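S.K.: Pasting a structure below so you can have a look.
2 protein chains.
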Amino acid sequence: MARLSERVRDLHGSPVRAMLAAAQSPNMISFAGGLPASDSFEDVDLPPPPKSLLQYGPSEGEPALRAAVAAELSRIGLECPPERILILSGSQQGIDLAAKLHIDPGTMVGVESPTYLAALQAFRFFGARCRVVHRNNPAHNWSAKARPALTYVNPTFQNPTGYCWSAAERDALAAACDAHDVTLFEDDPYRALAYDPCERTPICARVKRAPWIYQGSFSKTLAPGLRVGFLAASSDLFPHLLNLKQAADLHTNRLGQWYALRSLQDPKRGERMERLVSRYRHRRDAFAASLTRHLGDVADWAVPAGGLFFWVTLNARIDMTLLLDRARKAGVLFTPGEHFLPYPSDDLPSLRLNFSHAGELEADRGLEILGRLIREAMENRKRTPRYEMAAAPH
Amino acid sequence: MARLSERVRDLHGSPVRAMLAAAQSPNMISFAGGLPASDSFEDVDLPPPPKSLLQYGPSEGEPALRAAVAAELSRIGLECPPERILILSGSQQGIDLAAKLHIDPGTMVGVESPTYLAALQAFRFFGARCRVVHRNNPAHNWSAKARPALTYVNPTFQNPTGYCWSAAERDALAAACDAHDVTLFEDDPYRALAYDPCERTPICARVKRAPWIYQGSFSKTLAPGLRVGFLAASSDLFPHLLNLKQAADLHTNRLGQWYALRSLQDPKRGERMERLVSRYRHRRDAFAASLTRHLGDVADWAVPAGGLFFWVTLNARIDMTLLLDRARKAGVLFTPGEHFLPYPSDDLPSLRLNFSHAGELEADRGLEILGRLIREAMENRKRTPRYEMAAAPH
Numbered sequence: 327m328a329r330l331s332e333r334v335r336d337l338h339g340s341p342v343r344a345m346l347a348a349a350q351s352p353n354m355i356s357f358a359g360g361l362p363a364s365d366s367f368e369d370v371d372l373p374p375p376p377k378s379l380l381q382y383g384p385s386e387g388e389p390a391l392r393a394a395v396a397a398e399l400s401r402i403g404l405e406c407p408p409e410r411i412l413i414l415s416g417s418q419q420g421i422d423l424a425a426k427l428h429i430d431p432g433t434m435v436g437v438e439s440p441t442y443l444a445a446l447q448a449f450r451f452f453g454a455r456c457r458v459v460h461r462n463n464p465a466h467n468w469s470a471k472a473r474p475a476l477t478y479v480n481p482t483f484q485n486p487t488g489y490c491w492s493a494a495e496r497d498a499l500a501a502a503c504d505a506h507d508v509t510l511f512e513d514d515p516y517r518a519l520a521y522d523p524c525e526r527t528p529i530c531a532r533v534k535r536a537p538w539i540y541q542g543s544f545s546k547t548l549a550p551g552l553r554v555g556f557l558a559a560s561s562d563l564f565p566h567l568l569n570l571k572q573a574a575d576l577h578t579n580r581l582g583q584w585y586a587l588r589s590l591q592d593p594k595r596g597e598r599m600e601r602l603v604s605r606y607r608h609r610r611d612a613f614a615a616s617l618t619r620h621l622g623d624v625a626d627w628a629v630p631a632g633g634l635f636f637w638v639t640l641n642a643r644i645d646m647t648l649l650l651d652r653a654r655k656a657g658v659l660f661t662p663g664e665h666f667l668p669y670p671s672d673d674l675p676s677l678r679l680n681f682s683h684a685g686e687l688e689a690d691r692g693l694e695i696l697g698r699l700i701r702e703a704m705e706n707r708k709r710t711p712r713y714e715m716a717a718a719p720h
Numbered sequence: 327m328a329r330l331s332e333r334v335r336d337l338h339g340s341p342v343r344a345m346l347a348a349a350q351s352p353n354m355i356s357f358a359g360g361l362p363a364s365d366s367f368e369d370v371d372l373p374p375p376p377k378s379l380l381q382y383g384p385s386e387g388e389p390a391l392r393a394a395v396a397a398e399l400s401r402i403g404l405e406c407p408p409e410r411i412l413i414l415s416g417s418q419q420g421i422d423l424a425a426k427l428h429i430d431p432g433t434m435v436g437v438e439s440p441t442y443l444a445a446l447q448a449f450r451f452f453g454a455r456c457r458v459v460h461r462n463n464p465a466h467n468w469s470a471k472a473r474p475a476l477t478y479v480n481p482t483f484q485n486p487t488g489y490c491w492s493a494a495e496r497d498a499l500a501a502a503c504d505a506h507d508v509t510l511f512e513d514d515p516y517r518a519l520a521y522d523p524c525e526r527t528p529i530c531a532r533v534k535r536a537p538w539i540y541q542g543s544f545s546k547t548l549a550p551g552l553r554v555g556f557l558a559a560s561s562d563l564f565p566h567l568l569n570l571k572q573a574a575d576l577h578t579n580r581l582g583q584w585y586a587l588r589s590l591q592d593p594k595r596g597e598r599m600e601r602l603v604s605r606y607r608h609r610r611d612a613f614a615a616s617l618t619r620h621l622g623d624v625a626d627w628a629v630p631a632g633g634l635f636f637w638v639t640l641n642a643r644i645d646m647t648l649l650l651d652r653a654r655k656a657g658v659l660f661t662p663g664e665h666f667l668p669y670p671s672d673d674l675p676s677l678r679l680n681f682s683h684a685g686e687l688e689a690d691r692g693l694e695i696l697g698r699l700i701r702e703a704m705e706n707r708k709r710t711p712r713y714e715m716a717a718a719p720h
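For the protein sequence lines, the chains are A and B, in the order given.
Numbering-wise, the working numbering comes out as the position in the first sequence, counting from 1, plus 326.
Numbering-wise, the working numbering comes out as the position in the second sequence, counting from 1, plus 326.
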């Protein structure tokens, strides 16, 4: 019997990974992952890469890519010199590095509820006690003795809710982090996928004194298979993050970095992004119409102003494990909302539904099936009150 | 002031990273890194990759690459089904994952002395107490109460010494891990770079009951810039390693995996490897001759049967920090041996010298400079006994 570390005793496979594996089966309609539309890759150019990329590269990332990212951040209102840009092997790596840097067993970490499930998983793995940060009063309950070391937020088209924080909410969190010396960790992979106007200036740009980490991704706007993301950080944190990056994988693959730089320098990039945003806006609107058609009587949701997800809350409690099982057998996948919660909750159950991957007809068919299964479960529940009692504690 | 985790309090930048950065300056003769010869990339083919690689991929790695790696391992005597092959973002990532899986603060970890410095760094970062494993008696001092959770070895052309374990030494470690239920972690990036015949069958292939992790790399035989490595593991450890991989970076970049698979399937791969091994054997022999010429009177070494390094031990104590500083100013880099030691030592100082990267004339010039500086330091030491006393505690 292998003697394993304390931290892996509670380690379970991510529901997302299991879901993505199931999503590989042909004919499966998947609302489960956060996959870009496959046809969004058609206009990505992949010329043969130069051989100079085959040698080891710097842990910080390619200098030209760091400079291009710094220029890009400046355009969105976040000033950070290229020397404090770290290229990541996808932004999931940034979560691992930030967790390693801040979290000991018992360390308090602020999170939204719901929040990105793979961040929750990484924070818990390092022993974090997660505490909910409320947008309307972020420093509620913070004191010199009890305040998070790190607060993680995904304020622009959040995964899973699609919510975009207002300017006032952004200002309030920045001020709270400044006042209580809490590291602000802002995860911002969806910002470019904006379908309606809304405030998007990073919260990190509003911070005056607190340590901060801002991260972004090429996975949602270019290609996840490259595994390239980036972070910018305050000067007190950056050298540690660089050392941790080097210990994690020496440096990010140079081919992906080269293609990412090419995409940033492409004069047609603006046009390409407009096409992508327009295609996803169209999918979102069609998805909203299908939702109304098929789930209008059993659920509520807000139409997201950007990003890749609808957060759909049922208007009665049903057994979500059973629903997921039946949906999978009927060829439809979704992610149950409970995976995104830092604590078990008595609230009505939710589903996270991705609208970028499935085509419109396919999505409509999938939602029709889902609506039927939800309605059946609700009717069964009315007929068998004992089932309701058994299920209620969940 | 950011509140950081306990584990980063002692985190220092790797000397290797700092060294690789210094090695970028033009005209620097670097014996410091473990870089492949740049001209070894000339016969690597880089056709444009297919667009299907742009989407997310499986955390385990590409199925075809996992199958090809499993077939390769079978050829070298290690039977492991493709289902227990995990593709890594370079084998440095395997060290991070194995450390996460086994090490809590205070966990005992067995290591060679000297050993790979970035492994030491990762193990210490998670709080390991490192204990030396002796090849001639690996279970020495192991008991039910005090034995490592994990023993890390690099038995084939070790970094830094170049040593290759004999069959008897391999059998003894496998038996010790079996008897004491210690996870064997075998790191094997250099095995294909064999210049003289010697035993290379993995120690993991000799294990009967103990948990094990075997890892290899494409960085030394194909291209480090791809950042692709792999591990195979016993069935009790594999599911945990997969979950940890997914939390670390979701999956390894798919472009590098595609080029790695192509290289394994290339019918000319055998020829290419023969050319590479022959070129490095030639460099090793020329390096040995230059060492004899320029350091023969001040140092000892064994000619390595494979790998990328000479481990050169001086025959008198000198200030190695001063030597490194003077060498750098004179345009020569090396890695001081102390970075590879799990404990401070009173032994005579050593240098790790890489022979694969610099050309032969360049290497000869570099060793001439190094020999002169070492001789000067030894003579200064004789003339100033006070300096010797001050330096002795180091």
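All C-beta atoms in this analysis are idealised placements derived from N, C-alpha and C, irrespective of residue type, glycine included.
Please read these numbers as outputs of a predicted model, since none were measured by experiment.
I'd like to check one pair, Leu567 (chain B) with Leu557 (chain B): are the Cβ atoms closer than 8 angstroms?
M.R.: For Leu557 (chain B) and Leu567 (chain B), yes; Cβs fall inside 8 angstroms.
S.K.: Looking only at C-alpha atoms, which of B:Val554, B:Gly663, B:Arg701, B:Lys546 sits nearest to Ser682 (chain B)?
M.R.: Comparing Cα positions, the closest option is B:Lys546.
S.K.: Of the residues that make up the stretch 370-383 of chain A, which ones have a beta carbon closer than 7 angstroms to any beta carbon in chain B?
M.R.: If the cut-off is 7 angstroms between Cβ atoms, the stretch 370-383 of chain A has Val370, Leu372, Pro373, Pro374, Pro375, Lys377, Leu379, Leu380, Gln381, Tyr382, Gly383 near chain B.
S.K.: For Pro719 (chain A), does the three-state DSSP call read helix, strand or coil?
M.R.: Here Pro719 (chain A) scores only 40 on pLDDT, less than 50, and its place in the model is too uncertain to base an answer on.
S.K.: Between which two residues does the beta strand (DSSP E) harbouring Ile700 (chain A) extend?
M.R.: Counting along the chain, Ile700 (chain A) falls outside any beta strand (DSSP E), though it belongs to the alpha helix (DSSP H) covering 686-709.
S.K.: Between His665 (chain A) and chain B, is any beta-carbon pair separated by less than 8 angstroms?
M.R.: No - not a single Cβ of chain B is within 8 angstroms of the one on His665 (chain A).
S.K.: Per DSSP, which one or two residues make a beta bridge with Trp538 (chain A)?
M.R.: Answer is A:Leu510, bridged to Trp538 (chain A).
S.K.: Count Cβ pairs between the stretch 419-433 of chain A and the stretch 519-531 of chain A that sit closer than 8 angstroms; are there 3 or more?
M.R.: With the cut-off at 8 angstroms, the stretch 419-433 of chain A and the stretch 519-531 of chain A do not touch.
S.K.: Can you find the residues in the same chain that come closer than 7 angstroms, C-beta to C-beta, to Ala348 (chain A), ignoring five residues on each side of it along the sequence?
M.R.: Once the five neighbours on either side are set aside, the close Cβ partners of Ala348 (chain A) are Met354, Arg654, Leu659.
S.K.: Might you give, ordered along the chain, the residues of its own chain that have their beta carbon closer than 7 angstroms to the beta carbon of Met704 (chain B), omitting 5 neighbours on each side?
M.R.: So the qualifying residues of the chain are Val624, Ala642, Ile644.
S.K.: Quick one: is His720 (chain B) buried, meaning 16 or more other Cβ sit within 10 Å of its Cβ, or exposed?
M.R.: Residue placement at His720 (chain B) cannot be trusted, given a pLDDT of 38 that sits under 50; the coordinates are not used to answer.
S.K.: Which runs of the beta strand (DSSP E), 3 residues or longer, sit entirely within the stretch 425-466 of chain A?
M.R.: Complete beta strand (DSSP E) runs here, min 3: 434-437, 455-458.
S.K.: According to DSSP, simplified to helix, strand and coil, what is Phe681 (chain A)?
M.R.: Reduced to three states, the DSSP call for Phe681 (chain A) is coil.
S.K.: Counting only Cβ pairs nearer than 9 angstroms, list the residues of chain A close to Ser469 (chain B).
M.R.: Neighbours of Ser469 (chain B) on chain A: none; closest Cβ ~14 angstroms, over 9 angstroms.
S.K.: Please confirm if Val533 (chain B) has its CB atom under 8 angstroms from at least one CB of chain A.
M.R.: Output row for Val533 (chain B): interface = no.
S.K.: Where does Pro565 (chain A) sit, in a helix, a strand or coil, going by DSSP?
M.R.: Pro565 (chain A) falls in the helix class under three-state DSSP.
S.K.: Counting only the same chain and skipping the five closest in sequence on each side, list residues whose C-beta sits under 6 angstroms from that of Val395 (chain A).
M.R.: Here the set comprises Ile411, Phe556.
S.K.: Would the stretch 472-480 of chain A count as touching the stretch 506-516 of chain A if we require 3 or more Cβ pairs under 8 angstroms?
M.R.: Cβ pair count under 8 angstroms is three or more, so yes.
S.K.: Would you say Leu443 (chain A) and Cys456 (chain A) are within 8 angstroms of each other, going by their C-beta atoms?
M.R.: Result no, Cβ atoms of Leu443 (chain A) and Cys456 (chain A) do not sit closer than 8 angstroms.
S.K.: Which class does Leu391 (chain A) belong to by DSSP, given the choice of helix, strand or coil?
M.R.: Helix at Leu391 (chain A).
S.K.: Residue range of the beta strand (DSSP E) that Asp626 (chain B) falls in?
M.R.: Segment 625-627, the beta strand (DSSP E) holding Asp626 (chain B).
S.K.: Could you check if Lys426 (chain A) is buried or exposed, using at least 16 other CB atoms within 10 Å of its CB as the buried criterion?
M.R.: By the neighbour-count rule (16 or more Cβ atoms within 10 Å), Lys426 (chain A) is buried.
S.K.: Tell me which same chain residues have a C-beta within less than 7 angstroms of the C-beta of Val334 (chain A), skipping the five on either side of it?
M.R.: Around Val334 (chain A): no qualifying Cβ.
S.K.: If we ignore side chains and look at the alpha-carbon of each, how far apart do Ala505 (chain B) and Ala536 (chain B) end up?
M.R.: Each residue's Cα considered, the two are about 8 angstroms apart.
S.K.: Could you list which residues in chain A have their beta carbon closer than 8 angstroms to that of Gly542 (chain B), in chain order?
M.R.: Going along chain A, no residue has its Cβ under 8 angstroms from Gly542 (chain B), so there is no contact; the nearest lies around 15 angstroms.
S.K.: In chain order, which continuous runs of the beta strand (DSSP E) of length 3 or greater are located wholly inside the stretch 364-419 of chain A?
M.R.: The stretch 364-419 of chain A contains these whole beta strand (DSSP E) runs: 411-414.
S.K.: Closest to Ile700 (chain A) by CA distance: which of A:Leu687, A:Phe367, A:Asp651 is it?
M.R.: Among A:Leu687, A:Phe367, A:Asp651, the Cα nearest to that of Ile700 (chain A) belongs to A:Asp651.
S.K.: For Asp504 (chain A) and chain B, any beta-carbon pair shorter than 8 angstroms?
M.R.: Asp504 (chain A) does not count as touching chain B.
S.K.: So, is Ala328 (chain B) buried or exposed, given that buried needs 16 or more other C-beta atoms within 10 angstroms?
M.R.: Ala328 (chain B) comes out buried.
S.K.: Can you list, in chain order, the residues of its chain whose CB lies under 7 angstroms from that of Pro668 (chain A), leaving out five sequence neighbours each side?
M.R.: Cβ neighbours of Pro668 (chain A) beyond the five flanking positions: Val437, Ser439, Thr441, Leu446, Cys456, Val458.
S.K.: Less than 8 angstroms between CB atoms is the rule here; does Phe451 (chain A) satisfy it with respect to chain B?
M.R.: Yes, contact with chain B.
S.K.: Look up His578 (chain B) in the DSSP assignment and say whether it is helix, strand or coil.
M.R.: It should be pointed out that residue 578 (chain B) corresponds to Thr in this sequence rather than to His. In the structure shown, Thr578 (chain B) sits in coil (DSSP, three-state: anything other than H, G, I, E or B).
S.K.: Could you tell me the boundaries of the alpha helix (DSSP H) in which Thr618 (chain B) lies?
M.R.: Here the alpha helix (DSSP H) through Thr618 (chain B) covers 595-621.
S.K.: Reducing DSSP to helix, strand and coil, say where Trp637 (chain B) ends up.
M.R.: The answer is strand: DSSP assigns Trp637 (chain B) an E or B state.
S.K.: Quick check on the DSSP output: the alpha helix (DSSP H) that includes Leu648 (chain B) runs from which residue to which?
M.R.: Where Leu648 (chain B) is concerned, the enclosing alpha helix (DSSP H) stretches over 646-655.
S.K.: Count the other C-beta atoms from every protein chain shown that fall within 10 angstroms of the C-beta of Ala619 (chain B), then say buried if there are 16 or more, exposed otherwise.
M.R.: Looking at the sequence itself, residue 619 (chain B) is Arg, so the reference to Ala does not match. Burial call: exposed.
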